[in-house]
Structure formats: structure tokens, C-alpha cells
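These protein sequence lines are chains A and B, in that order. Take the first sequence: its letters are residues -14 to 114, numbered as in the working numbering. Take the second sequence: its letters are residues 22 to 321, numbered as in the working numbering. Read the structure below first, then the notes.
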Amino acid sequence: MTKRYVGSLLIGVLIGLTIGVFLGWEQFPVEYKNSTISALSSQHQEEYTVMIAEGYQYDRDINAALARLQPLNQENVFDYIQNLTERYIAQSNVPFIPVMVALAEAVGRLTPVMEIYRSTPNAAPLSGQ
Amino acid sequence: MSGSRHLRTGSDISWFALILGIALGITSGLIYTWEIDPVVERNTAPWQLGQQAREDYVVAVALSYAYNHDLPLAFNRLRTLRPDQNVWVMVSEVACNRYKQGKTVTNSDIRVIRALEELYRPQGASGCADGLYPTPATVSVATAIPTAIPTVTLTPPFTKTPTLPIPTGEPIESAVQTPTPPSGGYILARLASFCDPASNGVIEVRVYDQRGEGVPGVQVQVIWSGSQIDTFFTGLKPEREPGYADFEMTPGRSYSVSIPGLRDTSPVVEAVPCEAEDDSGQTVSTTTSYWINFQQRANN
């Protein structure tokens, strides 16, 4: 009687664990709601970076731009800017190339492949003081 | 034969124990997957960002809009943050929060407020930061000059004054983010003074990794007079060194220099007078300069 009970219980636990793990990891995984910028998907991180690059075109404040990129938690933000810019060039991601090249140039990472995308700073809407 | 086996199999199972086991198993499985070993956080979408990160994201959208003036693009980006909320109200709240938190000290802060306002006000939203820092465009006098009769159109708002007395390079109360230091942190590797008329009261900061190579992009913070702060980054003068940055002191002041993850006490240096010989051999008075090197520690 006891053996039958324990055996059934163990089988039930195994079945239940399988179901529970499947539910907890696959069907209803934990959803994080207080995430940081660095936890964003790479696509959204890149979009954020492009926005910061466009913001740099607006205010021409490279220190502010670098400070805004800090939440990405990149080990070397200069390398990150250069790599992303070169990747955009390789992918012909035309809309984002000029602003990223300008940002790369501002941090001293203007590589030969970026040269042709350099644009002389046009009159950005610098609402300066 | 098969009938007897079926009966035997049925009698080997306690349905009560089986169901109890399944319930226990599911409970344990959920506890494990939700609490003990939840899925790794990755591929997070903007709507999952916390408050500070969401503010950073909204600021980025606003600055981007200030540059490209692509309203649909800005709207779509904001929608990813709050799909079920009026995004313009959200932007106005961010501007208001930044104003209340005093993030209106530096030129950059002011531009951020302007960019936010430029985004939400034309869409009908409003907030406590409305009109505090009008953009120069709104103060354009091109059409108003011929009118000698006083009109109310060009009266500068009284709140404009705080934006004016902020000279470039003067002390700023920065709203910068906390950078990510290496897990081992940094130590103060060198602190030495030198007297050189060519470097008049300059703090030369160099940041190295464990292998002794310069680390660009490290945020250096200099504090003086108790609460005056300036921040800048290494690597913006690559012609010097990749991990180099410098700061010019004002004679008579003392400065505390730190970087994120510094395990030692921040070194404090003072801009004291000194005398040195210039190129022509003449003794000249100048201000003491300093070399401050930080080195990354091995990971623990």
C-alpha cells in the first residue's frame, strides 16, 4: 500500500515538475519590468545609439553624448561606436551612417572606410546659448 | 490474460498520490523557474524599462526629433515605451521630472528640456516645464522690431534668466549616468606633481587596463569647492594617449579626482603656485600640474 502510494507520488512529482518547468520557462516566463537600457535587445540598443548620435548633431556636446551612452554598459564605448558605424556602412544602412560617422569622428574613431560619409557639419538646429 | 494485467496495472497506481505529486511538481517547477532560476533577461523591449531608463530613452527620442523633425518616427519610438498611454503626456512628465530634479543646470540639460518641449507642446500636452527655457527661435525679433508700440508678443519670460549665466566650462552639476567600471575596479597607480610653464595647472588623467593599455571612454569626475562638479571622458585626445584626459585648474583651488569603480580614496590635488624655467632659461611663475594614473585591478 505504502509502496504504491510513494511510487505514484514520485511519478506525479516528475510529471508535475516537467509541466512546471515548461510553464515557467517557456509559456509564462518571468517578465522584467524595471529593466535598464543595457538589457534592451541589440536592435533597440542600436536604435538608442542612433538617437544619441542624432542628438549629438543637435547639441554638438560630445561629453553629453558619451554620458548618454553610458547606460549601455559597453566595456569600451569608443570601440562600440566605431564597430556599429562600420557595420552600418557594411550593411549600407544609409539613413544612419552620416550621424554615426559624425559621432565616431567626434570621439576620434574616424576610420578610412568612414571618410567618404563625412559631411561637413551643416547648420544643425543648434539652439545654442 | 490481458484483462488480468490491466487490472493489476490499475491497482498499482494511487490516483490521489499521483495528483498530489503532480500538484507538488508543478508548484516546485514554477518556484524554480520564476524565483530560483528565472529566464535570463535579454531581448528586453522598451516598454519593460524602469523609470530612469525610460527617461533616458525619452530624452534620446526627443534629441533625435530635435535633429530630424520626424514626428511619426518619434511617435513610434515613444509608443514602444508606453503602448497604452498618451505618449505626449509621458514626454511632458519627463520634462517636468527633470525640472523638479534640478536637471537644468548645464547647457546640455537646457537643450534636453527644450527638445522635450519641442516634442510634446505642439501635440497639445503640457507640464510644469512649459516655457521655462524657450528656444532662441521663439525670441526672434525679426517681425517685431518695426513695432514701436509695446506689444506683449516678445516679452521674454522671467524664467529665461537661469539659462544665461552658465559659461562654458564652468562648474556644472552634471546629470551623468553611472558608468560601468570593471568588476575589479581601479586603483590609484600614480599621483605626482610637476611644474611646467607649458602646462599651467593641468590635471593629466590617464586610465590603464590590467595590461597597461589606455582605456578610452572612462568618465572622469572632478569636484571642487564642495559641490562643483565637472565630468569628462578619456580618449577624446587620442593624439596624446587612448586613455588620456585633462582638466585645467583654477589657481588656489583644490580638486578631487575620481573615476567610477575607484577602490582608493579619490586623490585631491591643489593648484598651488610654482616656479620653473621656461625654454629661454628664465624662471617663471606658473601653477603646479599633476599626473594622476588609474589602473584597472585584476578581477576578483
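Glycine included, every Cβ here is placed at the ideal spot set by N, Cα and C.
> Can you list, in chain order, the residues of the segment 82 to 105 of chain A whose Cβ is nearer than 9 Å to any Cβ on chain B?
Replying inline: Within the segment 82 to 105 of chain A, the qualifying residues are V84, A91, V92, G93, R94.
>> In the DSSP output, what is I244 (chain B) paired with across the bridge?
In response: B:I250, B:S277, per the DSSP bridge assignment.
>> Which complete beta strand (DSSP E) runs does the segment 31 to 56 of chain A hold, if anything under 3 residues is left out?
In response: Complete beta strand (DSSP E) runs here, min 3: none at all.
> Given that T252 (chain B) touches chain A, what residues does it touch there, using C-beta distances under 9 Å?
Replying inline: Correct list: N48, A52.
> Opposite P294 (chain B) in the DSSP bridges: which residues?
Replying inline: In the DSSP assignment, P294 (chain B) is bridged to B:T308.
>> Less than 9 Å between CB atoms is the rule here; does T70 (chain A) satisfy it with respect to chain B?
In response: No, T70 (chain A) does not count as interfacial toward chain B.
> What residue range is occupied by the uninterrupted alpha helix (DSSP H) comprising S214 (chain B)?
Replying inline: Careful: S214 (chain B) lies outside any alpha helix (DSSP H), inside the beta strand (DSSP E) at 207 to 215.
> Ordered along the chain, which non-local residues of its own chain (more than five positions away) have a Cβ less than 8 Å from that of A297 (chain B)?
Replying inline: Counting only Cβ-Cβ distances below 8 Å, and skipping sequence neighbours, we find C216, D217, P218, T304, V305, T307.
>> For R227 (chain B), list the residues DSSP reports as bridge partners.
In response: In DSSP, R227 (chain B) forms a bridge with B:Y265, B:N314.
> For T65 (chain B), which residues does DSSP report across the bridge?
Replying inline: Its beta-bridge partners are A:L25.
> Where in the segment 113 to 165 of chain B do unbroken runs of the beta strand (DSSP E), each at least 3 residues long, occur, reported from the N-terminal end onward?
Replying inline: Within the segment 113 to 165 of chain B, complete beta strand (DSSP E) segments of at least 3 residues are not found at all.
>> For a cutoff of 9 Å on Cβ pairs, would you count V79 (chain A) as touching chain B?
In response: Closer than 9 Å: no.
>> Against chain A, does N314 (chain B) count as a neighbour if the rule is that its beta carbon must be under 9 Å from one of theirs?
In response: It does not: the Cβ of N314 (chain B) has no partner Cβ on chain A nearer than 9 Å.
> Do the segment 62 to 71 of chain B and the segment 114 to 134 of chain B make contact, defined as three or more Cβ pairs closer than 8 Å?
Replying inline: No, the segment 62 to 71 of chain B is not in contact with the segment 114 to 134 of chain B.
>> To be precise: take each residue of the segment 30 to 42 of chain A, compare its Cβ to all Cβ atoms of chain B, and keep it if any distance is under 7 Å. Which residues remain?
In response: For the segment 30 to 42 of chain A, which is checked against every Cβ of chain B, the residues closer than 7 Å are Y33, M36, I37, E39, G40, Q42.
> From this set, B:V126, B:P143, B:P263, which residue's C-alpha is nearest V236 (chain B)'s C-alpha?
Replying inline: Closest option to V236 (chain B), judged by alpha-carbon separation, among B:V126, B:P143, B:P263: B:P263.
>> Counting only beta-carbon separations shorter than 9 Å, does I74 (chain A) have a partner in chain B?
In response: Among the CB atoms of chain B, none fall inside 9 Å of the CB of I74 (chain A).
> Out of B:Q72, B:R227, B:G42, B:P288, which has the shortest C-alpha to C-alpha gap to D267 (chain B)?
Replying inline: Nearest option by C-alpha distance: B:R227.
>> Can you tell me whether G235 (chain B) is helix, strand or coil according to DSSP?
In response: If DSSP states are grouped into helix, strand and coil, G235 (chain B) belongs with the strands.
>> Can you look up T174 (chain B) in the DSSP assignment and give me helix, strand or coil?
In response: Bear in mind that a pLDDT of 46 at T174 (chain B), under 50, signals an unreliable position, so the model cannot answer this.
> What is the rounded straight-line gap between the Cα of P143 (chain B) and the Cα of C149 (chain B)?
Replying inline: So the alpha carbons of these two residues sit roughly 15 Å apart.
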